[in-house]
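Everything on this sheet refers to the single structure shown next.
Protein chains: 2
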Amino acid sequence: MVRFAADITKESIVDVEAVVRKVDPPVKSCSQQDVEMHVERLFVISQAEPRLPLQLDDAVRPEGEDGDENRKPGVTQDTRLDNRVIDLRTTTSQAIFRLQSGVCKLFREILDNKGFVEIQTPKLTPAASEGGAHSFPVSYFNTTAYLAQSPQFYKQMGICGDFDKVFCVGPVFRAENSNTHRHLTEFVGLDIEMAFNYHYHEVIDSIYDTMVQIFKGLRANFQSEIQTVNKQFPSKPFEFWEVPLKLNYTDALVMLRQAGVEIEDEEDLSTPNEKLLGRLVKDLYSTDFFVLDKYPRAVRPFYTMPDPKYHKYSNSFDMFMRGEEILSGSQRIHDAQLLTRSAEHHKIDLEKIKSYIDSFRYGTHPHGGGGIGLERVCMLYLGLHNVRQTSMFPRDPKRLTP
Amino acid sequence: MVRFAADITKESIVDVEAVVRKVDPPVKSCSQQDVEMHVERLFVISQAEPRLPLQLDDAVRPEGEDGDENRKPGVTQDTRLDNRVIDLRTTTSQAIFRLQSGVCKLFREILDNKGFVEIQTPKLTPAASEGGAHSFPVSYFNTTAYLAQSPQFYKQMGICGDFDKVFCVGPVFRAENSNTHRHLTEFVGLDIEMAFNYHYHEVIDSIYDTMVQIFKGLRANFQSEIQTVNKQFPSKPFEFWEVPLKLNYTDALVMLRQAGVEIEDEEDLSTPNEKLLGRLVKDLYSTDFFVLDKYPRAVRPFYTMPDPKYHKYSNSFDMFMRGEEILSGSQRIHDAQLLTRSAEHHKIDLEKIKSYIDSFRYGTHPHGGGGIGLERVCMLYLGLHNVRQTSMFPRDPKRLTP
Chain A
30 MVRFAADITK ESIVDVEAVV RKVDPPVKSC SQQDVEMHVE RLFVISQAEP
80 RLPLQLDDAV RPEGEDGDEN RKPGVTQDTR LDNRVIDLRT TTSQAIFRLQ
130 SGVCKLFREI LDNKGFVEIQ TPKLTPAASE GGAHSFPVSY FNTTAYLAQS
180 PQFYKQMGIC GDFDKVFCVG PVFRAENSNT HRHLTEFVGL DIEMAFNYHY
230 HEVIDSIYDT MVQIFKGLRA NFQSEIQTVN KQFPSKPFEF WEVPLKLNYT
280 DALVMLRQAG VEIEDEEDLS TPNEKLLGRL VKDLYSTDFF VLDKYPRAVR
330 PFYTMPDPKY HKYSNSFDMF MRGEEILSGS QRIHDAQLLT RSAEHHKIDL
380 EKIKSYIDSF RYGTHPHGGG GIGLERVCML YLGLHNVRQT SMFPRDPKRL
430 TP
Chain B
30 MVRFAADITK ESIVDVEAVV RKVDPPVKSC SQQDVEMHVE RLFVISQAEP
80 RLPLQLDDAV RPEGEDGDEN RKPGVTQDTR LDNRVIDLRT TTSQAIFRLQ
130 SGVCKLFREI LDNKGFVEIQ TPKLTPAASE GGAHSFPVSY FNTTAYLAQS
180 PQFYKQMGIC GDFDKVFCVG PVFRAENSNT HRHLTEFVGL DIEMAFNYHY
230 HEVIDSIYDT MVQIFKGLRA NFQSEIQTVN KQFPSKPFEF WEVPLKLNYT
280 DALVMLRQAG VEIEDEEDLS TPNEKLLGRL VKDLYSTDFF VLDKYPRAVR
330 PFYTMPDPKY HKYSNSFDMF MRGEEILSGS QRIHDAQLLT RSAEHHKIDL
380 EKIKSYIDSF RYGTHPHGGG GIGLERVCML YLGLHNVRQT SMFPRDPKRL
430 TP
């Protein structure tokens, strides 16, 4: 039987019938040191091919220093993704995706406790929702549908339909030809929308608190997963404030300019500027998580509520983790006339968003919300550097498989 | 102020500042009889247009008898769906979609307790997965992607990736030109996949128990929602056994033939025959829920594990609620060679499913699973008659809006 067992290929699935016996002295080379199994029968249930496309040992090896002469080979990202079912078996992948399922679970539980209702929104939509570009067209019987770039319009209709506070978890699609470490063409959106009573900061506070509770839940319940990932990809623990740190866009501009950046008042933040801002905030406030509030209207979508006093600015915000955007949100225009004017100003075909605008004609609570990228939250919480590590089957302009 | 208040259009949103005072004698015409509000200030926050596209009173009226002369008008399905944000405000819609969110929550909690891990599967896929027809093509940069008809291949890859037991909740897409009461082109799949130890009935038992716990959870926590829906759409309470009632396909054929149906041994069940079978099972076993096991291979997809003894049959099953299919499941072929032969037999282009077949080359646990249609479960549990009632924004060959 020993010879038979020696011939079983790595990664095969076996059934073992054995007697568990105490051993003395302990087996020092094993993690289970006190007992061993005395095998009586051994069956191969599913035999792996002898040559694996990647070795699990290689796949969990920490990235060595570039100058390290004894550095053993790692596994490239493409090899991992082309053979994802094997890469998923590594301790690191197991930890990442178990933590990811934890984020989803925490997100829903926390919102459920806050009185939110989960809704299901369609991904097939009649028009390229947010202005036109970046939607995937779908051949839909005798017409063309578009994949939803976000569930936002439907979340808002949920609010118009008196659900008061809603959330949804589902795929969102972006037809952007962006080949970066943080863009996917399909990712999972954790979306929130809620009516508020006095001020849209109720929305910010609600989302911020949800994120903080998620971070605390991960720290409390996924410590072994975090440590497993850290073994291969070392990073500093994620720091955050319990109360929202809200910076105004104008404050961010001041900080960036003091650091030597040239930027206009109504200019959007580039990725390098966002990262720099993240480092400046971390130095100043010791947090990896903050809210940037009051974006210029010029850089936000047509449905964003303008600031009532300073018309160049808007009631909109992003949230950042380790200097990267993970959420975009705003108070929405809930008045059909104002929304129509804003859409016209943005040169959006009114006919295409008619049912959306009509939703606001029959009484609507002031409301706001935002959408969180699940893969980015996992990547940044764990201090990883590529969103493909936290997407089980990532999709980008160059990858549609497996 | 009374005149001002009288002029406020129905469905407008108002802010009221008032003093709550005790009243004696009670106000009999109100549901809140002991106190009333003495309004001091009144603001219109969002004014509804004076003419609503549908009246809420009409929208919740029970459907009267056809011969009823005093019958007041209801609201047609299309009017409801064209004006969904108003229709969602009815007590019936509120109850339906709150119950639906309860189904999702129960599904996940129950599986979480059973040790399942939630995974996220891509909807953009490289090939029309299950043979070809009925997939929506998507223009994807310089190539064509297809919307996933089910998350099955990816759930299975999760099993191949050592996750052991997985579930996912997400949209699935069917490009079938079916205009029936129970078909949608996009619906929400509650999907399960699991490795098993001895027999694929472990999978059936696990799914059955999940469904039973959902039914019990709804009965315990959503009684007021169920009663609200019943007021408009009367139906009998949903009955079920706690232990799985499993019938074999051949038993079903005997029952149907005894009832006068002519049907061949390897013929699939038509919708009328499924409904008849549901009535026969209900009469005989007093349950609205049962499993039909061991379908003929001829009517199941290529990845279905054949019965080891009777090669005309397969280790596959459907589950039924009130005589309508809500789940299709099976043991999957986990051997790459057998899977290749089966795909060839079904004339499937092997090149297109290469990454799927390759997943099984490196050791795979025997496994099985199934996919549940969320909207159908809600419809049939509540005894409704159209799946569009339990889809917030339904999609069918003729409807892509709102």
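Heads up: the sequence lines are chains A and B, in that order. Mapped onto the working numbering, the consecutive letters of the first sequence carry residue numbers 30 to 431. Mapped onto the working numbering, the consecutive letters of the second sequence carry residue numbers 30 to 431. From the three backbone atoms N, C-alpha and C, an ideal C-beta is built for every residue, glycine too.
Can you tell me the Cα-Cα spacing of residue i and residue j, whole angstroms?
| i | j | result |
| --- | --- | --- |
| P167/A | L153/B | Note that residue 167/A corresponds to Val in the displayed sequence, not to Pro. Approximately 11 Å between the Cα atoms of the pair. |
| G402/A | Y237/A | 14 Å |
| F182/B | S122/A | 19 Å |
| D86/B | D116/B | 10 Å |
| E268/B | G412/B | 11 Å |
| L274/B | K376/B | 35 Å |
| P325/B | E296/B | 8 Å |
| I37/A | H394/B | 15 Å |
| D312/A | L409/A | 18 Å |
| L140/B | E231/B | 14 Å |
| Q360/B | G398/B | 7 Å |
If we define contact as Cβ-Cβ less than 8 Å, is residue i a contact residue for chain B?
| i | result |
| --- | --- |
| G5/A | In the structure as shown, chain A starts at 30 and stops at 431, and residue 5/A therefore has no counterpart that could be examined. |
| Y183/A | yes |
| N206/A | yes |
| T430/A | yes |
| R424/A | yes |
| G79/A | A quick correction: the sequence has Pro, not Gly, at residue 79/A. By this cut-off, P79/A is not an interface position. |
| G199/A | yes |
| I362/A | no |
| M40/A | Note on identity: in this sequence residue 40/A is Glu, with Met being the wrong assignment. Yes - at least one Cβ of chain B is within 8 Å of the one on E40/A. |
| Q84/A | no |
| H394/A | yes |
| V104/A | no |
Any Cβ of chain A within less than 8 Å of the Cβ of residue i?
| i | result |
| --- | --- |
| S164/B | no |
| Y391/B | yes |
| L367/B | no |
| Q61/B | no |
| M186/B | yes |
| R118/B | yes |
| R113/B | yes |
| T108/B | no |
| S287/B | A small fix is needed here, since residue 287/B is Gln in this sequence, not Ser. Answer no: the Cβ-Cβ gap between Q287/B and chain A never drops below 8 Å. |
| P335/B | no |
| F251/B | no |
| I74/B | yes |
Let me know the secondary structure DSSP gives residue i once reduced to three states.
| i | result |
| --- | --- |
| E231/A | helix |
| H396/B | strand |
| S253/B | helix |
| H374/A | helix |
| T150/A | coil |
| G412/A | coil |
| I139/B | helix |
| V114/A | helix |
| K275/A | strand |
| V104/A | coil |
| G131/B | helix |
| S343/B | strand |
| G187/B | helix |
| C59/A | coil |
| E353/A | strand |
| Y169/A | strand |
| M334/B | coil |
Could you list the residues in the region 169 to 180 of chain A with a C-beta less than 8 Å from some C-beta on chain B, going in chain order?
-> Y169, F170, T172, A174, L176
State whether the region 383 to 396 of chain A contacts the region 357 to 375 of chain A, with contact taken as three or more CB pairs (one from each stretch) at a distance under 8 Å.
-> yes
Could you run through the region 131 to 158 of chain B and flag, in chain order, every residue whose CB is less than 8 Å away from some CB of chain A?
-> C133, K134, R137, D141, V146, E147, I148, Q149, T150, P151, K152, L153, T154, P155
Check whether the region 240 to 254 of chain A touches the region 201 to 209 of chain A, counting contact only when three or more Cβ pairs, one atom from each stretch, lie closer than 8 Å.
-> no
Short-range partners of chain A found in the region 311 to 332 of chain B, where Cβ spacing is below 7 Å | none
The region 299 to 314 of chain B touching the region 252 to 262 of chain B, judged by at least three CB pairs closer than 8 Å | no
Answer yes if the region 140 to 155 of chain B comes into contact with the region 119 to 133 of chain A, meaning at least three C-beta pairs across the two stretches below 8 Å, and no otherwise.
-> yes
Positions along the region 212 to 224 of chain B whose CB lies within less than 8 Å of some CB in chain A = T214, E215, V217
The region 397 to 428 of chain B: which residues have C-beta closer than 9 Å to a C-beta of chain A, in chain order?
-> L403, E404, S420, M421, F422, P423, R424, P426, K427
Would you check if there are 3 or more beta carbon pairs closer than 8 Å linking the region 315 to 323 of chain B to the region 343 to 362 of chain B?
-> yes
Taking three-plus beta-carbon pairs below 8 Å as touching, is the region 421 to 430 of chain A in contact with the region 54 to 67 of chain B?
-> no
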